[in-house]
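Below: one structure, written as structure tokens.
Protein chains in written order, with this note's numbering: chain A, 791 to 1239; chain B, 791 to 1239.
Written out as structure tokens, the structure reads:
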């Protein structure tokens, strides 16, 4: 097995989870990882909180450095190495050592593509001006942090009201900026239905964030030094000395596509349930790859840390000779804006409608914990169920402390194929500091049947 | 239907949930509720926090008063009325009006017994001394509160380290008492396995509670006015001017048993899945009745507010002509000692062993949220699974903020019959302020397979 070499392209969550799993299963195997950036295995999700100052050092976001992988795991991680071509016929990749600008070929027996995703950037002149950032790699987070420290911006504009957008709104305000958020859509957080997203928008406005929906970016104005000065939309000009692009991501699949590997949903690399691509012994995992959706039974592209880690584990098992299927995604996600917790799973009403599924929904407002107990707060829960069967298809939660993680109960119930009645029947935990007698999730389920 | 009378014995969670459900389904039906105490529909679980001062008035623990039930729901609730006999032949109950000490008979077409449970008291002279309390009715909580206000006790002793015991330890210490807790068992919280309970005991000791396990109460010492002075165990004498009995409860089933209604598990009233007793048209619900256990498939007696409310709803549906089965209990419960959250569901290792089930277990320690995010804390998770199939049978959680309610994911997975692998496969929610990438529940599941 020693000469059966695994090459991994990309040294973050998916790539390193897979490499680590293979190392545990096959102690003698040759494993080489090429990472074009500076870091391995970092928490991209933690970057907003590092920028905001809640996490004191970017080092804290790194779970394992290249040195640890080399020393402790015997994984040959090479940072500043970019793979520029995959040669599927001769089973080798072309690599550029970015430090020396040298090129070389590296052969493989198994190849894992874990190239991640890249932030979308607007096709507008000046998008690369000084002061305009998109968050992707840890380095991009460090760059934002350093820019704020040095330039002391006072007016931040965020383009896009998704996860990154609302997290960045919180942390930039904490760093004393006036924060404006614009989104083309009629609502923030388009992964939630509008009435749920409106609760978030309302809270953001209450907290002093300027939120403009249905507003489209049309130009960037820069100064003589190519530094961002203002942002022009179809409705107004907004002064800005810091712009964050939170417009979503696209999978880094060109390298694979150029080698004739098939791409699929959202242009992500097509994989089977074992995470093997259209070419045998070439695997893909993480933000660059498709995932099977548990409810729609279609392939989708969802770029999230949990999925990347699970992809990596499953790919690692299969690459090292095991046989494990990736179980699928339910579309579960969570975030917060200040003390307002936001989570979702499964299908929203809109998504179910787009799929022409006949549904019923229920929305309730309840207390997070006993109404008489200190720290009680409001929580809104929306459930979506199949009309005939009552089978749960989705859930959305917006509320205060303790609200968000309740989405896991819904995600588990959906995965198990439970109906709303079966959710009512669940024996969930209750004590006044933790819940009402009927958990808010069950209050919603009681409304739906 | 107007003359089809429902009589309910007991006006707390189960009785009033049932009466309310029947009222909604059958607006014209005669409904009479006899409650021997002073209050209806109160949160017994909230009493420790009222005693401790976190809840400012006992009124806040009442969700609906007798006046509300009479005025708004047209339910004839009579407090201070004790039912002393059930005449199953003539379908009537004998009632004492405690205010006037008058007796009368009331007939019924359906009878719901919701008489609750009573705290166990030690069979030791002096157990009824001034300053010794057991928590059961709201009035008993008010009595403790008033005693503390008036007598200003300085040394509290709690007998029994279960839910009530550890909650009262917290709140009595907050009211500036030296608190000692004794338990006969080798551990506190016997619904958890010892190594998990030891984490709680350790925390209690750290916080200045004196905890003595394997110690047995042998006598109470009282002063000339019959007020508690000290408590004598098999090992020591402990000064005490307040004693709380937290020794568990027994179902109030004598009234039913005396009428020839069968009793079963733990001496609770035997019921079928529709909550009908051994005699047709006589129903039982709440702390006085049995429940079907989802995992053991045996009847059990578990006295908890969630179950009482669910019993009441199901009984109400059936009494009003519907047909609904009580889904069963998983043994889910949650509490806390200060900032340490404690929860459990399903079978503990000990319980599984007692049932001769071949199991495997895993215990892990993880972070409640991302280790680098402010407010992160430790959480210990123990899982119990069937050895052959890997099917999850139980879970226990002890940890800091955000730890406890994760038990709901385990309870849902157990109810769905999921294996540990299926728990690993769940798409649970992750963001740094809420979880690690692998939720602690999944970290434990990964250890078990």
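Even for Gly, the Cβ is constructed at its ideal location relative to N, Cα and C.
Everything numeric in this text was worked out from a predicted model, so none of it was measured.
Compare the C-alpha of residue 1237 of chain B against each of B:1168, B:1156, B:1206 and B:916 and name the closest. Along the second chain, one-based indexing puts residue 1237 of chain B at 447. Residue 1237 of chain B has its Cα closest to that of B:1156, out of B:1168, B:1156, B:1206 and B:916.
Who pairs with residue 1157 of chain A in a beta bridge, going by DSSP? One-based indexing of the first chain puts residue 1157 of chain A at position 367. In DSSP, residue 1157 of chain A forms a bridge with A:1168.
Using CA coordinates, which residue listed in A:947, A:838, A:918 and A:984 is at the minimum distance from residue 927 of chain A? Numbered from its first residue, the first chain carries residue 927 of chain A at position 137. Checked all of A:947, A:838, A:918 and A:984; the closest Cα to residue 927 of chain A is A:838.
Which class does residue 801 of chain B belong to by DSSP, given the choice of helix, strand or coil? Against the second chain, residue 801 of chain B aligns to sequence position 11. Three-state DSSP puts residue 801 of chain B in coil, outside helix and strand.
I'd like to know if residue 1112 of chain A contacts chain B, where contact means its C-beta is closer than 9 Å to some C-beta of that chain. Taking the first residue of the first chain as 1, we reach residue 1112 of chain A at position 322. No - not a single Cβ of chain B is within 9 Å of the one on residue 1112 of chain A.
For chain A, find out if any of its Cβ atoms is closer than 9 Å to the Cβ of residue 1024 of chain B; answer yes or no. Here residue 1024 of chain B refers to the residue found at position 234 when the second chain is read from its first residue. With 9 Å as the cut-off, residue 1024 of chain B does not count as an interface residue toward chain A.
Which residue wins for smallest C-alpha separation from residue 799 of chain B, given the options B:1062, B:1044 and B:1035? Position 9 of the second chain, counted from the first residue, corresponds to residue 799 of chain B. Residue B:1044 is the option with its Cα nearest to residue 799 of chain B.
By Cβ distance, which residues of its chain are closer than 6 Å to residue 850 of chain A, with the 5 residues on each side in sequence left out? Position 60 of the first chain, counting from 1, holds the residue named residue 850 of chain A. Cβ neighbours of residue 850 of chain A beyond the five flanking positions: none.
Limits of the alpha helix (DSSP H) - the one that residue 933 of chain B falls within: Counting from 1 along the second chain, the entry for residue 933 of chain B is found at position 143. Counting along the chain, the alpha helix (DSSP H) containing residue 933 of chain B begins and ends at 928 to 941.
For a test of the three-state rule: what should DSSP assign to residue 1226 of chain A, helix, strand or coil? The residue given as residue 1226 of chain A occupies position 436 in the first chain. Three-state result, residue 1226 of chain A: coil.
Would residue 847 of chain B be called buried (16 or more neighbouring beta carbons within 10 Å of its own) or exposed? Residue mapping note: residue 847 of chain B aligns to position 57 of the second chain, counting from 1. Exposed.
Residue 912 of chain B lies in the beta strand (DSSP E); which residues open and close that run? Residue mapping note: residue 912 of chain B aligns to position 122 of the second chain, counting from 1. No beta strand (DSSP E) holds residue 912 of chain B; DSSP gives it neither H nor E.
Three CB pairs or more closer than 8 Å across the stretch 1138 to 1151 of chain B and the stretch 1193 to 1203 of chain B: no
Taking Cβ to Cβ, would you say residue 1218 of chain A is nearer than 9 Å to residue 1122 of chain B? Here residue 1218 of chain A is taken as the residue at index 428 of the first chain, counted from 1. Here residue 1122 of chain B is taken as the residue at index 332 of the second chain, counted from 1. Yes.
Per DSSP, which residues does residue 1124 of chain A bridge with? Please list them. Here residue 1124 of chain A corresponds to residue number 334 of the first chain, with the count starting at 1. The partner list for residue 1124 of chain A (beta bridge, DSSP) reads A:1133.
Taking Cβ positions only, does residue 965 of chain B come closer than 9 Å to chain A? For the purposes of this step, residue 965 of chain B is taken as residue 175 along the second chain, with counting starting at 1. Cβ-Cβ to chain A under 9 Å: no for residue 965 of chain B.
Interface residues of chain A around residue 1099 of chain B at Cβ under 8 Å? Residue 1099 of chain B sits at position 309 when you count from the first residue of the second chain. Within 8 Å Cβ-Cβ: 1227 and 1228.
Between the C-alpha atoms of residue 1130 of chain A and residue 1127 of chain B, what's the straight-line distance to the nearest angstrom? Here residue 1130 of chain A corresponds to residue number 340 of the first chain, with the count starting at 1. Here residue 1127 of chain B corresponds to residue number 337 of the second chain, with the count starting at 1. Going from the Cα of residue 1130 of chain A to the Cα of residue 1127 of chain B covers about 26 Å.
Distance between residue 1060 of chain B and residue 742 of chain A (C-alpha atoms, nearest Å): In this structure chain A extends from 791 to 1239, so residue 742 of chain A is not present and cannot be described.
Taking Cβ-Cβ distances shorter than 8 Å, what residues in chain B pair up with residue 1137 of chain A? For the purposes of this step, residue 1137 of chain A is taken as the residue at position 347 of the first chain. Going along chain B, no residue has its Cβ under 8 Å from residue 1137 of chain A, so there is no contact; the nearest lies around 13 Å.
Paired residues, beta bridge with residue 968 of chain B - DSSP: Here residue 968 of chain B is taken as the residue at index 178 of the second chain, counted from 1. Partner(s): B:945.
Can residue 1105 of chain A and residue 804 of chain A be called in contact, C-beta distance under 9 Å? The residue labelled residue 1105 of chain A in the question sits at position 315 within the first chain. The residue labelled residue 804 of chain A in the question sits at position 14 within the first chain. Contact flag set, yes.
Nearest to residue 1099 of chain A by alpha carbon, out of A:1085, A:965 and A:1116? Taking the first chain and counting its residues from 1, the one referred to as residue 1099 of chain A is at position 309. Cα-wise, what sits closest to residue 1099 of chain A is A:1116.
Going along the chain, which residues of its own chain have a beta-carbon closer than 8 Å to the beta-carbon of residue 889 of chain A, five neighbours each way excluded? Sequence index remark: in the first chain, residue 889 of chain A carries index 99 (1-based). Same-chain partners within the cutoff: 870.
Could you tell me if residue 1042 of chain A is buried or exposed, where buried requires 16 or more neighbouring beta carbons within 10 angstroms of its beta carbon? Taking the first chain and counting its residues from 1, the one referred to as residue 1042 of chain A is at position 252. Result: buried.
Listed by chain order, chain B residues near residue 850 of chain A by CB distance under 7 Å: Here residue 850 of chain A refers to the residue found at position 60 of the first chain. Correct list: 1162.
Under 6 Å Cβ to Cβ from residue 956 of chain A, same chain only, skipping five residues before and after it: list those, please. Taking the first chain and counting its residues from 1, one reaches residue 956 of chain A at position 166. Cβ neighbours of residue 956 of chain A beyond the five flanking positions: 1127.
Residues in the stretch 1016 to 1042 of chain B having any Cβ partner in chain A nearer than 8 Å: none
Between the stretch 964 to 981 of chain A and the stretch 1054 to 1072 of chain A, do three or more beta carbon pairs fall short of 8 Å? no
6 Å CB neighbourhood of residue 1192 of chain B in its chain, flanking five on each side removed: In the second chain, the residue the question calls residue 1192 of chain B occupies position 402. The answer, listed in chain order, is 1158.
In this structure, does DSSP put residue 776 of chain B in helix, strand or coil? This structure does not reach residue 776 of chain B, given that chain B is present from 791 up to 1239, and the question cannot be answered.
If contact means a Cβ-Cβ distance below 8 Å, which residues of the stretch 1116 to 1145 of chain B contact chain A? 1117, 1118, 1119, 1120, 1121, 1122, 1123, 1124, 1125, 1126, 1131, 1133 and 1135
Within 10 angstroms of the Cβ of residue 813 of chain B, are there 16 or more other Cβ atoms? Answer buried if so, exposed if not. As a first step, residue 813 of chain B is located in the second chain; it is residue number 23 there, counting from the start. Burial call: buried.
Inter-residue spacing [alpha-carbon to alpha-carbon] between residue 937 of chain B and residue 1119 of chain B: Here the question's residue 937 of chain B lines up with position 147 in the second chain. Here the question's residue 1119 of chain B lines up with position 329 in the second chain. Approximately 36 Å, taken between the alpha carbons.
What residues in the stretch 1186 to 1206 of chain B bring their beta carbon closer than 8 Å to a beta carbon of chain A? 1192, 1194, 1195, 1196, 1197, 1198, 1199, 1201, 1202, 1203, 1205 and 1206
Which of the residues in the stretch 822 to 856 of chain A, read from start to end, lie with their CB under 8 Å from any CB of chain B? 833, 835, 836, 839, 844, 845, 850 and 851
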